[in-house]
Amino acid sequence: MKRELTCHVGIGPDTAGEALVTDDNFSARYDLDRLKGIFSRPQHKLAGASYVDRILVVNTAKGGVASAWMLHEMASRSMAPKAILFNSANAILAQGAALAGMAMCDRFEDGDITELIQTGDMVTVHPSRGIVFVSRRDG
Amino acid sequence: MRLTPVEQDMLDGRQGAARQWAMEHMLQVGRFFDAEDFVEVAQAHMMADTESLGEAGVAFVERFAALPEAERRVHIPMITDPRGIDFNHYRTLKQTDEMAALEQRAIDAFQALGILMTDTCINYQTIMPPVQGEHMAYGDTGVVIYCNSVLGARSNFEGGPSALAAGLTGRTPRYGLHLDKHRRGTKRFKVNAEPRGLSDWGALGAIVGRRAGSYWEVPVIEGIASPPTSDELKHMGAAMASFGSTPLFHLVGVTPEAPTLDAVCDPAMPPDRISDDDLADFYGLYGGRGDKVDVVVFAAPQLSLVEMQDVATLLDGKKVHSKTALLVVTSPQVGADAARLGLIERIEATGAVVLQGMCFYQSYAREIGEANGWKHLLTNSAKLVNIIGGYGYQPALASMEDCVASSVAGEIV
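Chains A and B supply the protein sequences, listed in that same order.
Numbered by the numbering used here, the letters in the first sequence go through residues 882 to 1020 in order.
Numbered by the numbering used here, the letters in the second sequence go through residues 62 to 474 in order.
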């Protein structure tokens, strides 16, 4: 069954992929081994998981300004998520998505996005319409 | 978003491809955050180390650097955050010639745009601090939180691309910290602790940032007995911004927008309390006494002249342990004075290395860690312990005095 979620109008192109979900927060500088394409900070709830080509679903952005360049650099090597969905993005991640041409949405009307989507769900993101479709992996 | 004729001109490409890109970029960001228009900014400050830019980012800037001069020059004073390379020491750190070559390409491109390569994250102590109410486009979260909170300036976190866009156009979308409604306190903290030294102030900032937890929360802090120094606020703010993505705090009775609690938030808001035990617990999250130390780092933020003098005095007459590296990182501006005053000579006589114009975590930290066999890192920067774990280090936090003593002993004392 496909569920439709409504969010604020986002940034970037329409895209689709498999979800990787955590209620943890996100920084490209603090959390990632960008060469390997995995979460590398041992304390992160996704430590060891690959984010490449996934629809990354996280709570909020944290940390510094580097992610704004880093999303672009990761995308240039095809080692980036297809999209990032936040409960609440910060200025840096929005700026990074704009440079990288990456889909990004936040401010979902239906509740906590890290609970509404599960890892493995198939997700279609339409940033310009502020709509995300979710198909449960077992449905 | 409403555009002035000048802005429309730039968007339409009549002032060249660089300014057209800048307007398109900022419009995307502005619409995302419901900005209604742009606000003119007095300065831009850009984070642009090559570890973050990569080949793709450098090539992106070089496209603009190749434009005719009238189309590529920034419109306002624009300065840079620390770089990833100190060309005098990159081989000491076992950085590669390829890293240095990419860094040089980036510098050449930025200079072609008219950007001042200040290479500092303490511009508010050394270059030209903003005045209250001045709108800015600052990169480096530590710069933003200090200038918003301590000086009353108005800036969002501007990542490198957005700072560049602001420099090229002289404006930024009016959202977030440019608006009064996002500067009111949203979380109240009462401090029942006495921070001693920079690492304690950093730990306090880290605790507040972690509990605040979002870019859109504004902590209001009470209970600080006397006004902290600029360096103490520098460490507190940098850690708060790092742990919480926090761009603004108010220190009641100290910072300019918070002469009283009532002035900045609802006084009926219940406070969240922070004690000496909370500070001790924070230190306990990281390595402790007796642990081996591969590298001791004073950085993040770069050291002021006063910190350089303190480090030199603590090190006088000592030798850094043969199996431990001690890195002291400052800005080129402070570096010039520190050299003139003999501080660098005193520090380096002990076996320590003074690095200028860079910051440790922006300097290919994973690669230099692997090349030098550095795993156990000790610092007095709460910001750095938060960042560096993702680069494969096991960090520990201690006072400046204990960091120096540990660098001599080769283990945490």
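Even glycine gets a Cβ: it sits at the ideal position worked out from N, Cα and C.
Original post:
Taking Cβ positions, are A897/A and D1002/A nearer each other than 9 angstroms?
Top reply: Your numbering for residue 897/A matches position 16 in the first sequence. Your numbering for residue 1002/A matches position 121 in the first sequence. Not a contact, by the Cβ cut-off of 9 angstroms.
Original post:
Would R63/B be called buried (16 or more neighbouring beta carbons within 10 Å of its own) or exposed?
Top reply: In the second sequence, counting from the first residue as 1, residue 63/B sits at position 2. Its Cβ having fewer than 16 others within 10 Å, R63/B is exposed.
Original post:
Per the contact definition of three or more C-beta pairs closer than 8 angstroms, is the region 382-395 of chain B in contact with the region 303-315 of chain B?
Top reply: No: the two stretches stay apart, fewer than three of their Cβ pairs being nearer than 8 angstroms.
**OP:** Report the neighbours of H1007/A on chain D: residues whose CB is nearer than 9 angstroms to its CB, in chain order.
**Re:** As a matter of chain content, chain D is missing from the structure shown, whose protein chains are A and B.
Subject >> Cross-chain neighbours of M951/A in chain B, by beta carbon under 7 angstroms >> reply: Against the first sequence, residue 951/A aligns to sequence position 70. The contacting residues are S113.
**OP:** Give the secondary structure of E899/A by DSSP, where H, G and I count as helix, E and B as strand, and everything else as coil.
**Re:** In the first sequence, the residue the question calls residue 899/A occupies position 18. Three-state result, E899/A: strand.
Original post:
If you measure from the beta carbon of Y151/B to each beta carbon in chain A, is any gap under 9 angstroms?
Top reply: By one-based count along the second sequence, residue 151/B stands at place 90. Closer than 9 angstroms: no.
Original post:
If we ignore side chains and look at the alpha-carbon of each, how far apart do G891/A and A949/A end up?
Top reply: Here the question's residue 891/A lines up with position 10 in the first sequence. Here the question's residue 949/A lines up with position 68 in the first sequence. Each residue's alpha carbon lies about 16 angstroms from the other.
**OP:** Give a single yes or no on whether D292/B has its beta carbon closer than 8 angstroms to a heavy atom of the ligand NAP.
**Re:** Among the ligands in the structure shown, none appear at all, so the ligand NAP cannot be discussed.
Original post:
Does DSSP put H296/B in a helix, in a strand, or in coil?
Top reply: Within the second sequence, residue 296/B is the residue found at index 235, counting from 1. When secondary structure is reduced to three states using DSSP, H296/B falls in the helix class.
**OP:** Taking only runs that begin and end inside the region 891-958 of chain A, name each unbroken beta strand (DSSP E) of 3 or more residues, in chain order.
**Re:** Counting whole runs of 3 or more residues, the region 891-958 of chain A contains the beta strand (DSSP E) stretches 896-902, 936-941.
Subject >> Straight-line gap, L259/B to T181/B (C-alpha atoms, nearest Å) >> reply: Start at 1 with the first residue of the second sequence, and residue 259/B comes out as number 198. Start at 1 with the first residue of the second sequence, and residue 181/B comes out as number 120. C-alpha separation (whole angstroms): 19 angstroms.
Original post:
What residues in the region 913-929 of chain A bring their beta carbon closer than 7 angstroms to a beta carbon of chain B?
Top reply: Listed by position, the residues of the region 913-929 of chain A near chain B (Cβ gap below 7 angstroms) are L913, S921, R922, P923, Q924.
**OP:** Report the rounded CA-to-CA distance for G1020/A versus M985/A, giving the unit in angstroms.
**Re:** By one-based count along the first sequence, residue 1020/A stands at place 139. By one-based count along the first sequence, residue 985/A stands at place 104. A caution first: G1020/A carries a pLDDT of 49, below 50, which makes its placement in the model too unreliable to give a value.
Subject >> Test item: CB-CB of E132/B and A83/B under 9 angstroms >> reply: Working through the second sequence from its first residue, we reach residue 132/B at position 71. Working through the second sequence from its first residue, we reach residue 83/B at position 22. Not a contact, by the Cβ cut-off of 9 angstroms.
Original post:
Do F148/B and A972/A have their CB atoms nearer than 9 angstroms?
Top reply: Locating residue 148/B in the second sequence gives position 87, counting from the first residue. Locating residue 972/A in the first sequence gives position 91, counting from the first residue. The answer is no: Cβ separation not under 9 angstroms.
**OP:** Can you grab the Cα-Cα spacing for the pair M107/B / R1018/A, in whole Å?
**Re:** On the second sequence, residue 107/B is found 46 positions in, with the first residue counted as 1. On the first sequence, residue 1018/A is found 137 positions in, with the first residue counted as 1. Across the structure, M107/B and R1018/A are spaced so that their CA atoms are roughly 43 angstroms apart.
**OP:** Hey, could you find the ends of the beta strand (DSSP E) P320/B is sitting in?
**Re:** One-based indexing of the second sequence puts residue 320/B at position 259. P320/B -> no beta strand (DSSP E), and no H or E assigned at all.
**OP:** Drop a sphere of 10 angstroms on the beta-carbon of V367/B, count the other beta-carbons inside from all chains shown, and report buried for 16 or more, exposed for fewer.
**Re:** Within the second sequence, numbered from 1, the residue matching residue 367/B stands at position 306. Label assigned to V367/B: exposed.
Original post:
Who are the near neighbours of P362/B in its chain, counting only those whose CB is closer than 6 angstroms to its CB and skipping five residues on each side?
Top reply: By 1-based counting over the second sequence, the position of residue 362/B is 301. Excluding five sequence positions before and after P362/B, the CB atoms of its chain that fall closer than 6 angstroms to its own CB belong to C182, I183, G203, K295, A299, given in chain order.
Subject >> Endpoints, beta strand (DSSP E) assigned at T1000/A >> reply: Position 119 of the first sequence, counting from 1, holds the residue named residue 1000/A. Annotation for T1000/A: no beta strand (DSSP E) segment contains it, and DSSP assigns it neither H nor E.
**OP:** Return the bridge partner residues of D333/B from the DSSP annotation.
**Re:** Translated into positions along the second sequence, residue 333/B becomes position 272. By DSSP's assignment, D333/B forms a beta bridge with F250/B.
**OP:** Return the bridge partner residues of Q171/B from the DSSP annotation.
**Re:** Position 110 of the second sequence holds residue 171/B. Note that residue 171/B is Phe in the sequence shown, not Gln. Beta-bridge pairing links F171/B to no other residue.
Original post:
Is DSSP giving Y207/B helix, strand or coil here?
Top reply: Here the question's residue 207/B lines up with position 146 in the second sequence. Reduced to three states, the DSSP call for Y207/B is helix.
Original post:
For the alpha helix (DSSP H) that contains F310/B, what are its first and last residues?
Top reply: Reading the second sequence from its first residue, position 249 is the one you call residue 310/B. Note, F310/B: premise wrong, no alpha helix (DSSP H); not H, not E.
Subject >> Stretch-stretch touch, CB-based, cutoff 8 angstroms, three pairs: the region 428-439 of chain B with the region 392-399 of chain B >> reply: At 8 angstroms Cβ cutoff, the stretches do not touch.
Original post:
Does DSSP classify A214/B as helix, strand or coil?
Top reply: Taking the first residue of the second sequence as 1, we reach residue 214/B at position 153. In the structure shown, A214/B sits in coil (DSSP, three-state: anything other than H, G, I, E or B).
Original post:
Cβ atoms of H437/B and Y454/B: under 9 angstroms apart, would you say?
Top reply: The sequence position of residue 454/B within the second sequence is 393, counting from 1. The sequence position of residue 437/B within the second sequence is 376, counting from 1. At the C-beta level, Y454/B and H437/B come within 9 angstroms of one another.
Subject >> Same chain, Cβ closer than 6 angstroms to N360/B, neighbours up to 5 away in sequence not counted >> reply: Numbered from its first residue, the second sequence carries residue 360/B at position 299. Before going further, note that residue 360/B is Ala rather than Asn in the sequence given. Excluding the 5 residues flanking it on each side, A360/B has same chain C-beta neighbours closer than 6 angstroms at V390, C420, F421, in chain order.
Original post:
From S908/A, L952/A, K917/A, pick the residue whose C-alpha is nearest to that of K926/A; which is it?
Top reply: By 1-based counting over the first sequence, the position of residue 926/A is 45. The candidate whose alpha carbon is nearest that of K926/A is S908/A.
**OP:** Kindly indicate the opening and closing residues of the beta strand (DSSP E) around H106/B.
**Re:** Here residue 106/B refers to the residue found at position 45 when the second sequence is read from its first residue. Taken as a continuous stretch (DSSP letters only), the beta strand (DSSP E) holding H106/B covers 105-107.
Subject >> Contact set between the region 159-193 of chain B and chain A, restricted to residues whose Cβ is under 9 angstroms from the partner >> reply: Listed in sequence order: no entries.
Original post:
Does any C-beta atom of chain A lie closer than 9 angstroms to the C-beta of W435/B?
Top reply: The count along the second sequence starts at 1 and reaches residue 435/B at position 374. Not closer than 9 angstroms to any Cβ of chain A, the Cβ of W435/B fails to qualify, so no.
Original post:
Quick one, which residues of the region 957-991 of chain A are near chain B if we go by CB-CB under 7 angstroms, in chain order?
Top reply: The residues in question are S957, S969, N971, A972, I973, A975, Q976, G977, A979, L980.
Original post:
Residues in the region 73-94 of chain B with C-beta within 8 angstroms of chain A's C-beta atoms, listed in sequence order?
Top reply: Hits within the stretch, in order: H86, Q89, V90, R92, F93, F94.
Subject >> I140/B - containing beta strand (DSSP E), residue span >> reply: Taking the second sequence and counting its residues from 1, the one referred to as residue 140/B is at position 79. Residues 139-141.
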